[in-house]
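Participant: Just passing along the structure, written as structure tokens.
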Amino acid sequence: MAKFVISRRKFLTSASLGVSGIMLSGCDAFDSQLRVGDGLRSFLEGANGLTWRAQRLLAGDSLAPEFTEADIRQPQRPNGVTAPDDDVYKGLLANNFADWRLEVSGLVEKPLSLTREQLMNMPSRTQITRHDCVEGWSCIAKWTGTPLSLVLDQAVVKPQARYVMFHCLDTIDRSLSGDIKYYGSIDLIDARHPQTILAYGLNGKPLPVENGAPLRVRVERQIGYKMPKYLRKIELVDSFATIGGGRGGYWEDNGYDWYGGI
Amino acid sequence: MESVARSQSTVGPDTALPKDATLIYRQSRWTRLTHWLWAISLFFMLLSGLQIFNARPQLYIGKESGFAYNNTVFAIGAENTASGPRGYTEIFGKRFDTTGVLGWSGPAGRETSRAFPSWATIPSYYDLGTARVVHFFFAWILTTTLVVWLVASLINGHLRRDLVPRIGDLRRLPRDFVDHAKFKFHHTREYNTLQKMAYGGVMFVLLPLMIITGLAMSPSMNAVLPFLNDLLGGRQTARTIHFIVMLLLVAFFIIHMLMIFAAGPINELRSIITGWYRTDPPAHGSKKPERSV
């Protein structure tokens, strides 16, 4: 009996020493398992799919909270690219976006090329919502724009389409193969959500350059990086595997989750 | 393992050493399993959470973050001074120099501006996206474990038998304080009053509050439960509460470790690994331990 206790004691002592050793050296070992594409990383990312399904189930068509004029206490904080240095963008800006077009292409029956006036002549929606940045901060502002669902209806989405891809005018990064323009994607449930708008107005004024002029996306039930600015093209796709790094967006290709509802 | 040990203890005083009557089966497999799942998930959630905090090392009170006005209650940062860069921590506008740990830290000569130091975050380098992946994975584990524990503890009686406070607990409270302060521990089947308060506080106040404030930060959950942020005082207040609860859980962990070392780490550790716990032998002439196997 005494032998049993001692051996167990020895076991516990060595086990606790072992655990603390793993904890000390484990952080660096853990780091190296967390790069995009690693097995452990991919396993942990599975939780995002679970979150996506769970929140879809719970949220349904429910609306993001809307606020009152009194809650607008400051200008909308800009983030990411705030002044695109691209020649094409600067050319469009110089002409006050008169030559800018929003292309709608991909898996649609009727590809579109819309001017800002055409978009502004469509029914609009104005909403005072809270923008939540992935970094952790929030900012409340009033957004005006065309519901994305109306644009999708006009283009007539083919049944095999699953995602809306957003292609932008601003260069977010440079790689050996050239400039990387911002891109991102959402599913058709969020795309058709009543609060998902293509915004051209902010706090009662035309959308400023730092917030994404001439047009940006608002997806109110997701985090800020899911709402691309400086929109150029909307592409309906059945998969985003061949676009960029294949994870559905610029930040996603850099390790951020595709679903940003949390 | 369990059944072997059980048969040993039920051999009784005839064949075993007398003190074996004091070896009791104290922690059910559900308590042990969930305990270690919490230990692992809270470790990863803390370190990934500190990484997430580093992306915006400020805490605010209200619905949003004040940029054109000030609603910051806590901030960690770095600033240039005449004697070089210094790290600071600001609480309600009062600034403390925390160079080396908070705000400005790293190996000598290669310090960087980061709120929590490299050794306290996952990953060790700045990577918000990865920290979120780790944090949300373990959030699912932690929450599932809490539900499993609650159901198991209702069924196996752990809740009713060990955690529900009784009148006697209140009476014992002053003596419990004195005993703990003197590091005088009684090894019994039952939790003492302070233990009940600490464990109950973590299970029924801190962890649920952590989950609720975590959900309150999710824009999608705000659409499902719009009243949550109204109740908590806004999303940024929820984020601040989330941080404060983290501090309280860290405080619990430190005291928990201290108590285990003071009360006898081998016996305490054995009970949470194997379930078996050695109680104090009954004092001469007194009645037997109140409850044994």
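Respectively, the protein sequence lines represent chains A and B. FYI, full-length UniProt numbering numbers position 56 of the first sequence as 56, with every residue one higher than the one before it. FYI, full-length UniProt numbering numbers position 86 of the second sequence as 86, with every residue one higher than the one before it. The beta-carbon is built from N, C-alpha and C at its ideal position, and this holds for glycine as well. All figures in this text were calculated on a predicted structure; none of them were measured in a lab.
Specify the secondary structure class of B:Gln8 as computed by DSSP and reduced to three states.
Facilitator: Note that B:Gln8 scores 43 on pLDDT, short of 50, meaning its location in the model is unreliable; the coordinates nonetheless yield the value given after this. B:Gln8: helix per DSSP, three-state reduction.
Participant: By the 8 angstroms beta-carbon criterion, what residues does the region 114-127 of chain B contribute toward chain A?
Facilitator: Trp119, Ile122, Pro123, Ser124, Tyr125 and Asp127
Participant: If contacts are defined as beta-carbon pairs under 8 angstroms, then A:Tyr163 and A:Phe240 qualify, I think. What distance do you get, rounded to the angstrom?
Facilitator: 6 angstroms
Participant: Which residue comes first and which comes last in the beta strand (DSSP E) that contains A:Met197?
Facilitator: Note that residue 197 of chain A corresponds to Ile in the displayed sequence, not to Met. Here the beta strand (DSSP E) through A:Ile197 covers Ile197 to Leu202.
Participant: My output table needs one value for B:Pro265: the three-state DSSP class, helix, strand or coil.
Facilitator: helix
Participant: Which residues of the region 47-75 of chain A have a Cβ closer than 8 angstroms to any Cβ of chain B? Give them in chain order.
Facilitator: Only Ala47, Asn48, Leu50, Thr51, Gln55, Leu58, Ala59, Ser62, Leu63, Ala64, Pro65, Phe67, Asp71, Arg73, Gln74 and Pro75 from the region 47-75 of chain A bring a Cβ to less than 8 angstroms from some Cβ of chain B.
Participant: Using CA atoms only, rank isn't needed, just tell me which of A:Leu107, A:Asn211 and A:Gly178 is closest to A:Glu235.
Facilitator: A:Leu107
Participant: Which of helix, strand or coil does DSSP assign to B:Val133?
Facilitator: Reduced to three states, the DSSP call for B:Val133 is helix.
Participant: What does DSSP give as the partner residue(s) for B:Ile212 in the beta ladder?
Facilitator: Beta bridge pairing from DSSP links B:Ile212 with no other residue.
Participant: Run through chain A and tell me which residues come within less than 8 angstroms of B:Tyr69, C-beta to C-beta.
Facilitator: Arg73 and Gln74
Participant: Give the straight-line distance between the Cα atoms of B:Arg235 and B:Ile212, rounded to the nearest whole angstrom.
Facilitator: 11 angstroms
Participant: Would you please state the rounded distance, in angstroms, between the beta carbons of B:Ala131 and A:Arg73? I believe it to be under 8 angstroms.
Facilitator: Contact between B:Ala131 and A:Arg73 is absent: CB atoms are separated by about 30 angstroms, not below the 8 angstroms threshold.
Participant: So what does DSSP say about A:Val237, is it helix, strand or coil?
Facilitator: Shown here, A:Val237 sits in a strand according to DSSP, grouped into three states.
Participant: In the structure shown, what three-state DSSP assignment does A:Arg247 receive?
Facilitator: Here A:Arg247 sits in coil by DSSP.
Participant: What residues from the UniProt domain "Oxidoreductase molybdopterin-binding" (97-238) of chain A come within 8 angstroms of chain B, judged by C-beta to C-beta, listed N to C?
Facilitator: Arg130, Asp132, Cys133, Val134, Glu135, Gly136, Trp137, Ser138, Cys139, Ile140, Glu220, Arg221, Gln222 and Ile223
Participant: Tell me, please, whether the CB atom of B:Val245 is closer than 9 angstroms to any CB atom in chain A?
Facilitator: no
Participant: Just verifying my parser: in three-state terms, what is the DSSP assignment at A:Gln154?
Facilitator: helix
Participant: From the DSSP output, read off the bridge partner residues of B:Phe74.
Facilitator: Partner(s): B:Leu59 and B:Ile91.
Participant: Residues bridged to A:Ile186 by DSSP?
Facilitator: A:Val164
Participant: Quick one: which chain B residues come within Cβ less than 9 angstroms of A:Trp251?
Facilitator: Gly129
Participant: Can you give the Cα-Cα distance for B:Thr31 and B:Met221, rounded to whole angstroms?
Facilitator: If I take the Cα positions, the gap works out to 30 angstroms.
Participant: Counting C-beta neighbours from all protein chains within 10 Å, is the total for B:Phe183 16 or more, i.e. buried, or is it exposed?
Facilitator: exposed
Participant: Determine, for A:Phe30, whether the minimum Cβ-Cβ distance to residues of chain B falls below 9 angstroms.
Facilitator: yes
Participant: Going along chain B in order, which residues have a C-beta closer than 7 angstroms to the C-beta of A:Leu34?
Facilitator: Pro123 and Thr130
Participant: Sort out for me which residues DSSP pairs A:Ile128 with in a bridge.
Facilitator: In DSSP, A:Ile128 forms a bridge with A:Lys142.
Participant: Please identify the residue among B:Phe137, B:Asp179, B:Thr193 and B:Ser113 whose C-alpha is closest to the C-alpha of B:Asp162.
Facilitator: B:Thr193
Participant: Pick helix, strand or coil for B:Leu194, following the three-state DSSP scheme.
Facilitator: helix
Participant: Mind pulling the chain B residues with CB within less than 8 angstroms of A:Leu44?
Facilitator: Here the neighbours are Val133, Val134 and Phe137.
Participant: I need the DSSP call for B:Ile24, collapsed to helix, strand or coil.
Facilitator: strand
Participant: Smallest Cα separation from B:Asp169: which of B:Tyr126, B:Lys196, B:Thr143 and B:Phe185?
Facilitator: The option with the nearest alpha carbon to B:Asp169 is B:Lys196.
Participant: Taking only runs that begin and end inside the region 23-93 of chain A, name each unbroken alpha helix (DSSP H) of 4 or more residues, in chain order.
Facilitator: 39-59
Participant: Using 8 angstroms as the cut-off, can you tell me whether the region 116-132 of chain A makes contact with the region 204-224 of chain A, which would need three or more C-beta pairs spanning the two stretches below that distance?
Facilitator: Short answer: they touch.
Participant: Ordered along the chain, which non-local residues of its own chain (more than five positions away) have a Cβ less than 8 angstroms from that of B:Ser105?
Facilitator: Gly87, Thr99, Glu111, Thr112, Arg114, Pro117 and Ser118
Participant: Could you check the C-alpha separation between B:Gly186 and B:Ala108 for me, to the nearest Å?
Facilitator: Sequence check: residue 186 of chain B is His here, not Gly. Approximately 47 angstroms, taken between the alpha carbons.
Participant: Which bits of chain A does B:Val224 rub up against, with CB to CB less than 8 angstroms?
Facilitator: Under the 8 angstroms cutoff, chain A gives Gln55, Leu58, Ala59 and Ser62.
Participant: Taking only three categories from DSSP, how would you classify A:Asn95?
Facilitator: coil
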